[in-house]
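Engineer: Its first residue numbered 63, the sequence shown is counted upward by one per residue in the numbering used here.
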Amino acid sequence: MVCGAEKKRQLHRGGSGDYGHDDVEGRGGVHVWIFAEKTQQLLLVQRHHHFQGLWDASTAAIIISPHSPLTTARRKLQQELGVTLAEDGFEFIFSFLQQERNNGGKEINNDVYLVTTIDPIPLEAFTLQRENVSAVKYVTYQEYESLLAKNDPHYVPYDVHGQYAQLFEIITKRYQENTVARTLALQKQLNRYAPISLNAELTGLSDSDKDALALIVKAAAVIDEVFYVQSWYSNPDLREWLKEHADESELNKLKWSYYKINKSPWSSLDKDEAFLTSADSAIKVLPNATTKTVTAWKGLEYRAAFPVQKPLCANFYPQDMDKKEFETWKGNLDKDQQKEATGFFSVIKRHSNSDDDNDLHVVPYSQEYKSLLAKAADLLHKAGDITTSPSLKKLLHAKADAFLSNDYYESDIAWMDLDSKLDVTIGPYETYEDKLFGYKATFEAFIGIRDDKATAQLKLFGDSMQLLEQNLPMDNAYKSEDVSAAPIRVIQLIYNAGDVKGPQIVAFNLPNDERIVKERGTSMVMLKNVQEAKFERILMPIAELCVAKEQQELVDFESFFTHTICHECVHGIGPHTITLPNGQKSTVRLELQEFYSAIEEAKADIVGLWALRFLISKGLLSESLVKTMYVSFLAGCFRSVRFGLEEAHGKGQALQFNWIHEKGGFVVHSDETVSVEFSKIEDAVESLSREILTIQAKGDKEAAASLLDKYGVITEPLKVALKNLETVEVPVDIVPNFPILAQI
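1. Pull the bridge partners of T639 from the DSSP assignment, please.
2. If I measure Cβ to Cβ from K70 and keep anything under 6 Å in the same chain, skipping five residues before and after, which residues do I get?
3. Taking all protein chains shown into account, do 16 or more other C-beta atoms lie within 10 angstroms of the C-beta of N574, making it buried, or fewer, making it exposed?
4. Take F719 and list the residues in its own chain whose beta-carbon comes closer than 6 Å to its own, dropping the five residues that flank it on each side.
5. Is it the case that the Cβ atoms of L589 and V609 are separated by a distance below 8 Å?
6. Run through DSSP, which three-state label would F619 get?
7. Buried or exposed: where does R459 fall if 16 or more other Cβ atoms within 10 Å of its Cβ makes it buried?
8. Exposed or buried, which one is Y237 when buried takes at least 16 other CB atoms within 10 Å?
9. Buried or exposed: which applies to P793, given that a residue is buried once 16 or more other Cβ atoms fall within 10 Å of its Cβ?
10. Going by the CB atoms, is the gap between W477 and N377 shorter than 8 Å?
11. Count the other CB atoms within 10 Å of the CB of Q715; is the residue buried (16 or more) or exposed (fewer)?
12. I need the boundaries of the beta strand (DSSP E) containing R412, first residue and last residue.
13. So, helix, strand or coil for D795, using DSSP?
14. I need the DSSP call for I126, collapsed to helix, strand or coil.
15. Does Q160 come out as helix, strand or coil in the three-state DSSP assignment?
16. What separation, rounded to the nearest whole angstrom, lies between the Cα atoms of E335 and I96?
17. If the criterion is Cβ atoms closer than 8 Å, does the pair E492 and E506 meet it?
18. In chain order, what residues of the same chain lie with their CB nearer than 7 Å to the CB of S541, ignoring the 5 residues before and after it?
19. Would you report the Cα separation of M527 and A559, rounded to the nearest angstrom?
20. Smallest Cα separation from K411: which of D398, Q400, P565 and P426?
21. Could you tell me how far apart the beta carbons of A595 and V632 are, in whole angstroms, since I believe they sit closer than 8 Å?
22. Please list, in chain order, all residues of the same chain as T756 whose beta carbon is under 6 Å from its beta carbon, the five residues on each side excluded.
23. May I ask which residues mark the beginning and end of the alpha helix (DSSP H) holding H459?
24. Can the beta-carbon of Y200 be found closer than 8 Å to that of Q103?
25. Would you kindly check if the distance between the Cβ of L362 and the Cβ of T352 is under 8 Å?
26. By Cβ distance below 6 Å, which residues in the same chain neighbour E287 in space, the five residues on each side in sequence not counted?
27. Are the beta-carbon atoms of T639 and Y501 separated by less than 8 Å?
28. What's the C-alpha gap between S820 and T450?
29. Buried or exposed, going by whether 16 or more other CB atoms sit within 10 Å of the CB of Q593?
30. Look up Y427 in the DSSP assignment and say whether it is helix, strand or coil.
31. If we call anything under 8 Å between Cβ atoms a contact, is Y557 one with I802?
32. How is Y237 classed by DSSP in three states: helix, strand or coil?
33. Check whether the Cβ atoms of M586 and I550 lie closer than 8 Å to each other.
34. Would you identify the three-state DSSP class for Q593, choosing helix, strand or coil?
35. Which whole-angstrom value describes the C-beta separation of I604 and L442, a residue pair presumed to lie in contact below a C-beta threshold of 8 Å?
36. If we count the other Cβ atoms within 10 Å of its Cβ and call it buried at 16 or more, is P643 buried or exposed?
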């Protein structure tokens, strides 16, 4: 089981279901295949016990509680063959059900792992566990597949026409690829991003602040390193490998270019599917991987592995932990420990070589990323010492201290109070990367120059927060009596780092700490130059293709920018800390778990649209926005859905489009364009706002799942629009570069 991911199951009759164990209570099984890349061979072992003399997987075992599948795989490889391999050598490739020969023929689930070595491990290097294994040999994977297809009696049977065919399909696809076709495919993926240079005038900064800026950018670069680790445990090795080999071929250059955008081997715009394979990954060497030494053999060379589908757990939880295991473990903790386990700033790990039933434990970020955070903290302290801005000085020192203490409360308060020409956001904030629970925050950094004129113009929205809260379309019992005005800062972005992969955000609303949201509200930062770039390079071409011709002139930057402001404001109102039906206090994030991010983004969008109409009705915004905001929102729907349904904004936007279309607010025409039906869209917006706010207020996870299942999908109108946009190759998003780096 990998990070709680859903996996297809298939009953597989036959195979090494008992793995040399009699009548032992297990919780599944593992198969491990060692594959030699250069010779295209699989290592097979000849088994004793119930499969006397038959050839089988490199190693296989029943998982005995409390051990995990990966721990079992590693231990069994060491026991049966004398090979000790780090966990990044094991690539989960698929899972299947099989019927045991013992214990009444019950079905158990099996996880299949692939270990990719460069050369075959010399046969004389293995130390065989004689009670289970009598011999080892290498066979090409094509020959082995043929033997299984013929039901050769010397081999443990596996159904190569069923689920087990994936072993051979995966290897074939990796090593018989068409280089030209793959190059074209990667180039097409890369073309979905429009390169853009983002810069800002530094003339408003003092010389001291310019010196501080250089140190802050360096600290942000360290934060980038932390995020690579958070994304996947072997990710830093992969990055260095791709960078080192980028100049060897055009294909390698494209791999590196697209990797830099996604910051992992998984494509953000393709449902987080891998655009690389473990065959592209870093080669690592273990000189002492085997218990026997072999003359002139430098040691085991293997590929640092990653799965085809991005793990839901990222690198916040053990890769083979599922939700059930976590919940069972959490249930045995006291209240404070549970809070720490589900908190923003910790990872969950396994005790090494533990036989304890409570195998999981909590490690704070300050310990897990200690060396990197200490380096970033030092740079921020130095920057804080020289800046001339008192509020920036306070922020930088507080954030540096937080990196080492793991307590971010004071630094988040300092961020909210920031009043400086040089605007800095740095630290762990968003939880989108944790798709298992939505608990864990990733590190990110945004550095910009405050746009004073635009910031002054936006004071209205911060001042209207309580008014909006009081009039939200939901039951009054759920409304807060004390919502603070959200300070809004508009900046020109000059550098970002950390969790800024794939599609670029145009604004953010922080902090996410429910204590601060309740006490102080939130603050908002608008990235104006990013918004302008997206509007010009993406939204206008989308509108020309997807919006009905007679309404295209209603798409304008003012409406796009204003709705983005309202989107971020709305993050700060509505339900956050809630009371459950049983009287227990909780938060929306904790109750909705993996559905929280998509629901929250949908709330911010649709309630933001409702809020604009409300402010117009009160005379606080111009009537001229009434039509332009709806049509600009329609064009924005197509833009966001292109991010993919695995991304919270994309799934949330699909939900909104489909709901409004069903209610008649969006009308599809015979020429495949869409228009706004102004007589119906207001009711559609209000009804969806009410639905989402009520789900959040009740902490109703089941209702959230149902809503997303029904509406958060690619329906025919969206499918047609996406196809048309792909045909004319309108960019999906931008990829920024930052000239500031050359200056410092």
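Every residue gets a Cβ at the ideal spot worked out from N, C-alpha and C, and that includes glycine.
Structural biologist: Quick answer:
1. T649
2. Below a pLDDT of 50, predicted positions are generally treated as unreliable, and K70, at 33, falls in that range; the measurement from the model is reported next regardless. Excluding sequence neighbours, K70 sits near nothing in its chain.
3. buried
4. C699
5. In this structure, V609 does not lie closer than 8 Å to L589 by Cβ.
6. Collapsing the DSSP output to three states places F619 in a helix.
7. Sequence check: residue 459 is His here, not Arg. Classification of H459: buried, given that the 10 Å Cβ count is 16 or more.
8. exposed
9. buried
10. no
11. Buried, since its Cβ has 16 or more Cβ neighbours within 10 Å.
12. S408 to R412
13. strand
14. strand
15. strand
16. Note on geometry: alpha-carbon atoms of E335 and I96 lie some 24 Å from one another.
17. yes
18. According to the sequence provided, residue 541 is Lys. The question's Ser does not apply to it. Taken in chain order, the residues that qualify are E531, Q532 and L534.
19. 30 Å
20. P426
21. Rounded, the Cβ-Cβ distance is 24 Å, inconsistent with contact.
22. M536
23. P452 to S467
24. yes
25. Yes, Cβ-Cβ distance for T352 and L362 is below 8 Å.
26. L434
27. no
28. No answer is possible for residue 820: the residues shown for the chain start at 63 and end at 806.
29. buried
30. helix
31. yes
32. helix
33. yes
34. Annotated three-state conformation of Q593 is helix, per DSSP.
35. Between L442 and I604 the Cβ distance is about 40 Å, and since that is not below 8 Å, they are no contact.
36. exposed
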